[in-house]
Amino acid sequence: MTTAALTMNRPHSCPMREAAAELRTEAPLEAGDFAQLRRKTMLEGCKWDVQVGDVTALAPFPLVMKRSVWRQLARQAEKLDAEAVAAEEEISRRPDLLHRLGLPRALRKALAADEPLTPAAGRVVRFDFHLTTEGWRISEGNSDVPGGFSEASHFTGFMAGHFPHLMPAGDPAAAWCGALAASAAGGPVALLSAPGLMEDHQVVAFLAAGLNARGCATHLAKPEQVFWHAGQAHLRTQWYRGPLAAVVRFYQAEWLPRFAAHPGWQHFFRGGKTPVTNPPLGILSESKRFPLLWNDLATPLPTWRALLPAACDPRARPWFDDPGWLLKTAYCNTGEAVCIRHLLTPWPWWQVKLQARLAPGGWVAQRCFESVPVPTPLGPRHVCVGIYTVNGKAAGAYARLAGKPLIDHTAVDVALLLDPHE
Amino acid sequence: MTFSCGRIHSCQPRSQPGGRLILIGARPWPIVDLPGPEGVVLGALLAERGYRPVPLYNALPLPNSLPIGRHEAVVNVLPTLDALRREAERLAGLTLPPDAPPVFLLDAHRQGAVLPDPEMFDNRSVCFTTDFPSANFLHAHGFKRALLVPSAGLEAAPDLSHLLRRWQEGGIALQILRSENARPEALVVPRPSWYGAMFQRALSAFGLHRASGGGFGAWMTSASG
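Each protein sequence line maps, in turn, to chains S and Z. Quick note: the first sequence uses numbering that gives the first Met the number 0, first residue 0, plus one each step. Quick note: the second sequence uses numbering that gives the first Met the number 0, first residue 0, plus one each step.
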């Protein structure tokens, strides 16, 4: 699933020249080469949304990062993940804190139950880094259902083939599929996604191909087709009936309580014996209201505090008349629910403020940061580098470019390559 | 309904010399919303007349190999795939100009022709406004008219109406070809429910946006909808 990032574009003192010290681009591929790469990405890499409205969703050139910068960001991503795991564990023992994350009530109840946590088949998180006037900052961590694997692995790998002096930052899809296959030990794996959502189907189809290549039988299904017997997940479909060795839940956790009539959905979180990804507690740090709990935690979160802009409850006043704050929903998974005042006309902004006032527990206000655009063949572009960690280790990156300081569905995917000599 | 080229010929201006491009006068952008294989065939016929088919079939077939004769998927896309393979051979023999106008091909059964069994592979899909160019793009390329070709007797599908409404508001004249031997009629698309709503995905996630056709997929899950 695409991830929202948010920035503010004020006049800034940091010139693009300084940004170019961190990031640069190479010249675009020849049209024929790029057309071939685009076709391969579609047909072999399951990247089916290569055109979004009037925008071609793949950049014909790579974004190049100094290897030294990558090492620094990768280390930070690993620290962010380790801190998040510790915080999630502490929050899970504190129902009073669970209440403040904006989770649906039924999910809160499931997470607070006494049963043991359902084991995880692995953990993959993507932290979205932005180049700002204050250095690299993150807008969020995607710890529930991060996507972008095809773009980060397949597309990036093909692009790297055209630039032999550069190298990919990693292969997150391979790392993730390797971890899942190890957990499933060759058994059948169900990959769950929402019907009708092609951009999710392409992710599970891509991961399924990776698992098939590692000897796992895979089944693309929807959550209602998983049944739990004595904690064991079973798939009940016309093409397969039987137990599962692992479940890949590419389906937002906060949507699952809508299956109130479906027996056992709570086992995705507690009481299950079949490993499920992402881990059940990942939904806690996925909440954009996660920072509101930090002062009540014993877990220190120094990396999060250093990299994530300040946040406050919408009931607090600072954001209300200050253009330096933006609003987003607690579980916004795309840029559509990120509301930046200067990117909206007065009426939609008024609607947003009203919604945040009516249901403040489902929203968060976050201080904007000043994104520094990078010169590219498309013109100056704001950059988001989503760094994956797989089971705690940095594994690669999903990079996007946007003409406006907001990374949403109109952003262009770009291959991030490293310059090994810098 | 079996499609023939006659339905499209019917919208050719009578004064049009038998040129290669049908509908060349005001050059509409056709959107063909017919059951999969029929749409593919019509797209190929239009390709012979200078249009570039753009398939927008957003549904997966069930990936596993399966016994023949069972209906494992809610939307049977295999005939559409067969038609695409077949017609691709015909397209390979054509040389379309780079600026060939597109004809968009949708599967009229994309949201399922029957009530889905809970154990079926749920490959229903919807089309979104972002699957198409904007009205501004159409204007910039000299297109002022769009022609909807739905199944006989049907109007614009709910999901498609979001796009058509936007185009209409953007100054694109809409027409509909209601039957094979009819002439195009003006089409006015009323404002769909939740039209232009902010945070469509969030609304969907909160269960506020189901089956109106313009939002995101989770409403299709029968247990929640």
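Note that the Cβ used here is the ideal one computed from N, Cα and C, for glycine as well.
### Task
Identify each residue in the segment 237 to 252 of chain S for which the Cβ-Cβ distance to at least one residue of chain B is less than 7 Å, and report them in chain order.
Of the protein chains in the structure, S and Z, none is chain B.
### Beta-carbon spacing of S/T117, S/P262 below 8 Å
no
### Query
Going by DSSP, what residues sit across from S/M64 in a beta bridge?
S/L22, S/L417
### Proximal residues to S/R66 (C-beta, below 7 Å), its chain only, five neighbours per side dropped
The beta carbon of S/R66 sits closer than 7 Å to those of L417, D418, P419, E421, all from its chain and outside the five residues before and after it, given in chain order.
### Task
Measure from the C-beta of Z/T94 to each C-beta in chain S and report whether the shortest distance is under 8 Å.
no
### Query
Does the beta carbon of Z/T129 fall short of 7 Å from some heavy atom of the ligand NAP?
As for the ligand NAP, it is missing from this structure, which has no ligand bound.
### With 16 other Cβ atoms within 10 Å as the buried cut-off, status of Z/A225
Here chain Z comprises residues numbered 0 to 224, so residue 225 of chain Z is not present and cannot be evaluated.
### Query
What residues match up with S/N141 in a beta bridge as DSSP calls it?
S/R125
#### Entry: is_contact[Z/F57, chain S] using C-beta, thresh 8 Å
This sequence places Asn at residue 57 of chain Z; Phe is not what is there. Yes, because at least one Cβ of chain S sits closer than 8 Å to the Cβ of Z/N57.
### Message
For a cutoff of 8 Å on Cβ pairs, would you count Z/S78 as touching chain S?
### Response
The residue you asked about is not Ser; residue 78 of chain Z is Pro in the sequence shown. No, Z/P78 does not count as interfacial toward chain S.
### Query
Hey, is S/L325's beta-carbon within less than 8 Å of any beta-carbon in chain Z?
no
### Message
Pairs of beta-carbons, one from the segment 207 to 219 of chain S and one from the segment 177 to 194 of chain S, closer than 8 Å: are there three or more?
### Response
yes
### Query
Any idea which residues DSSP pairs S/G241 with across the strands?
S/L234
#### Entry: Identity of the residues DSSP links to S/V411 by a beta bridge
S/L400
### Query
For a contact meaning CB atoms closer than 7 Å, what does S/A207 contact in chain Z?
P62
### Message
For a test of the three-state rule: what should DSSP assign to Z/S124, helix, strand or coil?
### Response
Here Z/S124 sits in strand by DSSP.
### Query
Should Z/R190 go down as buried or exposed, given a rule of 16 or more other Cβ atoms within 10 Å for buried?
exposed
### Message
So with CB distances below 8 Å, who are the chain Z contacts of S/K224?
### Response
The question names Lys, yet the displayed sequence has Gln at residue 224 of chain S. Per Cβ cutoff of 8 Å: P117, E118.
### Task
Under 7 Å between beta-carbons, which chain Z residues line up against S/H200? List them in chain order, please.
L59
### Query
What are the residues of the segment 140 to 171 of chain Z that lie near chain S, defined by any Cβ-Cβ distance shorter than 8 Å?
Within the segment 140 to 171 of chain Z, not one residue has a Cβ closer than 8 Å to any Cβ of chain S.
### Task
Let me know the alpha helix (DSSP H) ranges lying completely inside the segment 194 to 223 of chain S, each 4 residues or longer, listed in chain order.
197 to 212
### Query
Within this structure, are the beta carbons of S/A30 and S/F60 separated by less than 8 Å?
Taking the C-beta atoms as reference points, S/F60 is found no nearer than 8 Å to S/A30.
### Top-ranked residue by Cα proximity to S/D320, from S/A358, S/G52, S/H381, S/A364
With distances taken between Cα atoms, S/D320 lies closest to S/A364.
#### Entry: Nearest candidate by alpha-carbon position, reference S/F154, set S/Y397, S/L353, S/I406
S/Y397
### Query
If you measure beta-carbon to beta-carbon, which residues of the segment 51 to 73 of chain S are closer than 8 Å to chain Z?
V51, G52, D53
### S/K177, enclosing alpha helix (DSSP H) - first and last residue
Looking at the sequence itself, residue 177 of chain S is Gly, so the reference to Lys does not match. 171 to 183 is the extent of the alpha helix (DSSP H) around S/G177.
#### Entry: Cβ-Cβ distance between S/V384 and S/A56 below 8 Å
no
### Closest by C-alpha distance to S/F205, when choosing among S/T273, S/A112, S/S149, S/P274
S/S149
### Task
Count the other CB atoms, across all protein chains shown, that sit within 10 Å of the CB of Z/L59; report buried if there are 16 or more and exposed otherwise.
Classification of Z/L59: buried, given that the 10 Å Cβ count is 16 or more.
### Task
Pick out whichever of S/R92, S/E82, S/P242 has its Cα sitting closest to the Cα of S/G140.
S/E82
### Task
Compute the Euclidean distance between the alpha carbons of S/N294 and S/R316, then round it to the nearest angstrom.
19 Å
#### Entry: Test: S/G195 CB closer than 8 Å to a CB of chain Z
yes
### Message
With a threshold of 8 Å between beta carbons, is S/P187 in contact with chain Z?
### Response
No, because no Cβ of chain Z sits closer than 8 Å to the Cβ of S/P187.
### Query
Taking Cβ to Cβ, would you say S/R304 is nearer than 8 Å to S/V275?
It is not a contact, given that the beta carbons lie outside the stated cut-off.
### Query
With which residues is Z/D106 paired in a DSSP beta bridge?
Z/L33
### CB contact below 8 Å: Z/P132 versus chain S
yes
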